[in-house]
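In the UniProt record's numbering, the protein residues as written are 1 to 268. Have a look at the structure below before the remarks.
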């Protein structure tokens, strides 16, 4: 634990004011906190002790104040003493998956059209920069300001991605072949779907389920371009129409499911 002599001395004096049962509880709690990966500072312990003494004056035992036995209380304290950043959730994967499903994979629908490693690096790099700017700006604005700022960021990002697709030199070609590419695409879809199910179980209003339909539509179209007898069809005008229809349906599914998730979040 982080040591500050002056505060540590105050903590020792505060501890002496605890009743025997509360002191025993406190010592057990401190011992458990000391075993955690993150260090509990003397200042944090001081705040906890102060709160416990106030509860003691109300004849409230330590187990009631901390919400259970020390082993249970530690789990709660870990989330209050070291809260995760607001943006560090499963939803952080949403923009990366959206870029992959909506922009990256559609460029390689046909097995003869490869992905380009330098372009991929630029695309995901631009996304990371955009997210960093958005995360930095979000706390500085009210709700309407957040919507406007994120809207501007998205528009600038789309323009930058378009320019990157034109200007980044062709190199580092990655072909999603008929057999290997099909296996990769199906495995990717299954893994992402499993992650979405897992994220939804942890947090029902996560944004990730909005991508499920678009994910499988995109994968289905890409697989159709790699297996007989549909592979020949996908290089024709009919195939182009199917890709266009699938793209529209996928985009609409994101909007419709996303709107439903938005309403659920607002209700909560």
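Think of the CB as a built atom: it goes at the ideal place given N, C-alpha and C, for glycine as much as any other residue.
* Asked: What separation, rounded to the nearest whole angstrom, lies between the Cα atoms of residue 209 and residue 251?
  -> Taking the first residue of the chain shown as 1, we reach residue 209 at position 209. Taking the first residue of the chain shown as 1, we reach residue 251 at position 251. A direct Cα-to-Cα measurement between residue 209 and residue 251 gives close to 13 angstroms.
* **Proximity of residue 254 and residue 109 at Cβ, strictly below 8 angstroms** => Start at 1 with the first residue of the chain shown, and residue 254 comes out as number 254. Start at 1 with the first residue of the chain shown, and residue 109 comes out as number 109. Not a contact, by the Cβ cut-off of 8 angstroms.
* Just the C-alpha distance for residue 175 and residue 183, rounded to the nearest angstrom, thanks. => The sequence position of residue 175 within the chain shown is 175, counting from 1. The sequence position of residue 183 within the chain shown is 183, counting from 1. Here the alpha carbons of residue 183 and residue 175 stand approximately 13 angstroms from one another.
* Buried or exposed by the 16-neighbour rule on C-beta atoms within 10 Å, applied to residue 83 -> Position 83 of the chain shown holds residue 83. It counts as exposed.
* Asked: Relative to the C-alpha of residue 157, which residue among 59, 124 and 57 is closest?
  -> Taking the chain shown and counting its residues from 1, one reaches residue 157 at position 157. Comparing Cα-Cα distances from residue 157 to each of 59, 124 and 57, the minimum goes to 124.
* Evaluate the contact criterion for the region 34 to 48 versus the region 70 to 86: three or more CB pairs, one atom per stretch, below 8 angstroms. => As far as the Cβ criterion goes, the region 34 to 48 touches the region 70 to 86, which means the pair count is three or higher.
* To do: Give me the Cβ distance between residue 218 and residue 114, rounded to the nearest whole Å; I'm assuming they're in contact under 8 angstroms.
  => Taking the chain shown and counting its residues from 1, one reaches residue 218 at position 218. Taking the chain shown and counting its residues from 1, one reaches residue 114 at position 114. Wrong, their Cβ atoms sit about 17 angstroms apart, outside the cutoff.
* **Contacting residues, own chain, Cβ-Cβ under 7 angstroms from residue 56 (five flanking each side not counted)** => Position 56 of the chain shown holds residue 56. Only 18, 19 and 22 meet the Cβ criterion.
* Can you name the residues that DSSP bridges to residue 116? -> Here residue 116 refers to the residue found at position 116 of the chain shown. Answer is 173, bridged to residue 116.
* Residue range of the unbroken alpha helix (DSSP H) whose run includes residue 212 -> Counting from 1 along the chain shown, the entry for residue 212 is found at position 212. Looking at the DSSP string, the run of the alpha helix (DSSP H) that includes residue 212 is 212 to 224.
* Per DSSP, what kind of secondary structure is residue 229 in: helix, strand or coil? -> Reading the chain shown from its first residue, position 229 is the one you call residue 229. In this structure, residue 229 counts as coil in the three-state DSSP scheme.
* Asked: Mapping DSSP to helix, strand and coil, what is residue 61?
  -> By 1-based counting over the chain shown, the position of residue 61 is 61. Correct three-state label for residue 61: coil.
* Asked: What did DSSP end up calling residue 145 once you bin it into helix, strand or coil?
  -> As a first step, residue 145 must be located in the chain shown, where it is residue number 145. Three-state result, residue 145: helix.
* Helix, strand or coil at residue 66 [DSSP, three-state] -> As a first step, residue 66 is located in the chain shown; it is residue number 66 there, counting from the start. The three-state secondary structure of residue 66, taken from DSSP, is coil.
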